[in-house]
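In the numbering used here, the protein residues as written are 12 to 287.
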């Protein structure tokens with residue numbers, strides 16, 4: 012299946028594959044041995060087939076493990092709610108949305124540039140100099156409407172909270188998509204991670220220069236490794252394999268395909284924050 016490039020003309024179809032087709036997981040069938048189920052809007056993965064091949068090849072050295080990347084959150088959530096055997100790798104915000112329903116608990120947190128946290132950035136077109144200028148406008152986000160509004164509410168001053176009700180949220184597949192359509196004039200601003208903003212600068216420096224950061228969130232955790240709290244889900248060895256990837260010559264390049272340098276155990280404070 013060919014991807015649908017987002018351009019000024021084609022985005023009105025909202026991404027040809029998103030509205031009319033529900034992407035299936037690459038490697039849909041469940042495995043007997045524990046697998047890694049992956050979905051994250053922050054990773055900006057372009058080639059899911061290559062990602063699966065690279066991780067399957069690496070994991071095969073340690074057991075009959077499989078890497079199952081998902082292109083859409085609906086299929087991913089169905090799997091971890093019903094047929095998951097192994098661990099899932101997902102955004103920390105997504106974990107907090109799903110943990111009660113899916114009965115999953117966190118074990119490891121990703122690390123990038125010696126930090127396991129990141130910030131969200133509200134990037135606006137150059138003509139927008141503060142959040143007040145977004146009253147009645149539309150912004151893009153890949154995090155879903157409810158989560159986007161939750162993050163925004165923590166990024167604005169109390170006196171500006173009411174204007175959030177006037178803002179329309181356009182939900183898109185990935186962070187990079189959210190940033191790209193600001194340049195097309197489809198939206199006035201985009202809410203993404205700071206890492207996605209930096210990545211966008213590498214991909215499209217011309218459009219990146221037209222963006223202005225008008226608000227920044229507090230720090231949030233990078234993607235998590237989580238697993239069901241059910242009996243019979245033996246993940247101890249798989250967790251060890253994942254935790255040690257950064258120390259392996261063939262492991263680190265795979266991690267960087269996900270935009271990470273490694274994983275580490277969550278602190279007591281981080282666990283408390285995630286589970287409250």
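Using N, Cα and C, we set each Cβ at its ideal position, and we do this for glycine too.
What residues match up with residue 207 in a beta bridge as DSSP calls it? In DSSP, residue 207 forms no bridge with anything.
Is there contact between the region 140-151 and the region 171-191, where contact requires at least three CB pairs shorter than 8 Å? yes
Whole-Å CB distance - residue 205 paired with residue 132, under 8 Å assumed: 5 Å
From residue 238 to residue 85, what does the alpha carbon distance come to, in whole angstroms? 18 Å
Identify every residue that forms a DSSP beta bridge with residue 245. None; residue 245 has no bridge partner.
Which of the three DSSP states is assigned to residue 264 in this structure? helix
Run the CB neighbour count on residue 153, radius 10 Å, all protein chains shown included, and call it buried at 16 or more, exposed below. buried
Quick one, are the C-beta atoms of residue 197 and residue 55 less than 8 Å apart? no
Is the Cβ of residue 118 closer than 8 Å to any Cβ of chain D? Given the protein chain composition of this structure (a single chain), no chain D is represented.
Name the two residues that bound the continuous beta strand (DSSP E) containing residue 269. Taken as a continuous stretch (DSSP letters only), residue 269 belongs to no beta strand (DSSP E), as it is neither H nor E.
Per the contact definition of three or more C-beta pairs closer than 8 Å, is the region 161-174 in contact with the region 94-103? no
Pick from 66, 70, 117, 53: whose alpha carbon is nearest that of residue 279? Taking only the C-alpha atoms, the option nearest residue 279 is 117.
How about residue 136 and residue 202: are their beta carbons less than 8 Å apart? No, Cβ-Cβ distance for residue 136 and residue 202 is not below 8 Å.
Could you give the distance in angstroms between the alpha-carbon of residue 109 and the alpha-carbon of residue 67? The straight-line gap from Cα to Cα measures roughly 26 Å.
The alpha helix (DSSP H) with residue 80 in it runs from where to where? Per DSSP, residue 80 lies in no alpha helix (DSSP H); the unbroken beta strand (DSSP E) holding it starts and ends at 77-80.
Residue 47: which of 126, 70, 53 sits nearest, CA to CA? The shortest C-alpha separation from residue 47 is found at 70.
Let me know if residue 265 comes out buried or exposed under the rule of 16 or more other beta-carbons within 10 Å of its beta-carbon. Counting Cβ neighbours within 10 Å, residue 265 comes out buried, since at least 16 surround it.
With a CB to CB cut of under 8 Å and the five nearest residues on each side skipped, what residues in its chain are close to residue 164? 172, 175
Helix, strand or coil: how does DSSP classify residue 179 here? strand
To the nearest angstrom, report how far apart residue 44 and residue 236 are at their CA atoms. 17 Å
Please state if the CB of residue 208 and the CB of residue 161 are separated by a distance shorter than 8 Å. no
Please state if the CB of residue 269 and the CB of residue 122 are separated by a distance shorter than 8 Å. no
For the beta strand (DSSP E) that contains residue 100, what are its first and last residues? Judged by DSSP secondary structure, residue 100 falls within the beta strand (DSSP E) whose first and last residues are 97-101.
Cβ-based neighbour list, residue 189, same chain, cut-off 6 Å, excluding 5 preceding and 5 following: 151, 152, 153, 183, 201, 203
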